[in-house]
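Engineer: There's a structure below that I have some questions on.
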């Protein structure tokens with residue numbers, strides 16, 4: 111679990127709460143209701159929240175962007191839990207990428223190879 115000092119990171123605490131609500135009554139828990147609806151609906155909801163986050167990013171309303179970002183993160187964590195992906199697995203991927211250029215990291219994963227940023231000199 112990622113920690114700051116002696117406290118668990120807020121995303122780790124939220125994930126633990128999500129996991130604890132997995133078996134709750136869907137009539138009493140939004141999280142349990144999401145789990146009951148299945149992975150496809152959870153992923154669809156995540157997509158909706160991503161679009162809402164983008165809209166607020168473009169609108170320039172910082173408070174609304176923060177609120178939508180929180181919704182997006184929550185729904186992402188629900189999807190992780192539904193798919194059996196622990197946050198530590200994602201944190202490990204992020205840690206492995208530290209210090210790498212995003213372009214280099216993408217090339218290592220088999221994405222588009224990194225092109226040289228140097229301009230060719232005339233006559234070369």
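Numbering (our numbering), first residue to last: 111 to 234. Glycine included, every Cβ here is placed at the ideal spot set by N, Cα and C. Remember, predicted model here, so these are calculated numbers, not experimental data.
(1) So for residue 117, helix, strand or coil by DSSP?
(2) Residue 205 lies in the alpha helix (DSSP H); which residues open and close that run?
(3) State buried or exposed for residue 188, treating a residue as buried only when at least 16 other CB atoms are found within 10 Å of its CB.
(4) Taking just the CA atoms, how far does residue 164 sit from residue 179?
(5) Determine the burial state of residue 117: buried for a count of at least 16 other Cβ atoms within 10 Å of its Cβ, exposed for fewer.
(6) Going by C-alpha distance, which of 160, 170, 181, 174 is nearest residue 141?
(7) Just to confirm my understanding: we take residue 199, look at its own chain, exclude 5 residues before and 5 after, and list those with CB closer than 7 Å. What are they?
(8) Check each candidate in 136, 175, 191, 211 and name the one with the smallest Cα separation from residue 162.
(9) Could you give the first and the last residue of the continuous alpha helix (DSSP H) run that contains residue 149?
(10) Could you check which residue in 213, 184, 160 has the C-alpha nearest to that of residue 144?
Structural biologist: In short, the structure shows the following:
(1) Residue numbering aside, residue 117 sits at position 7 when the chain shown is read from its first letter. DSSP places residue 117 in strand when its eight states are reduced to three.
(2) On the chain shown, position 95 is the one that residue 205 refers to. For residue 205, the enclosing alpha helix (DSSP H) has its first and last residue at 197-207.
(3) Sequence index remark: in the chain shown, residue 188 carries index 78 (1-based). Counting every other CB atom within 10 Å of its CB across the protein chains shown gives residue 188 a total of 16 or more, marking it as buried.
(4) Reading the chain shown from its first residue, position 69 is the one you call residue 179. Reading the chain shown from its first residue, position 54 is the one you call residue 164. If you draw a straight line from the Cα of residue 179 to the Cα of residue 164, it is about 9 Å long.
(5) Your numbering for residue 117 matches position 7 in the chain shown. Using a 10 angstroms sphere on the CB of residue 117, the tally of other CB atoms stays under 16, which defines it as exposed.
(6) Counting from 1 along the chain shown, the entry for residue 141 is found at position 31. Taking each of 160, 170, 181, 174 in turn and checking the Cα distance to residue 141, the smallest one comes out for 181.
(7) Here the question's residue 199 lines up with position 89 in the chain shown. None.
(8) Within the chain shown, residue 162 is the residue found at index 52, counting from 1. Cα-wise, what sits closest to residue 162 is 175.
(9) Along the chain shown, one-based indexing puts residue 149 at 39. Run containing residue 149: 149-169, per the alpha helix (DSSP H) assignment.
(10) Against the chain shown, residue 144 aligns to sequence position 34. Of the listed residues, the one whose Cα sits closest to residue 144 is 184.
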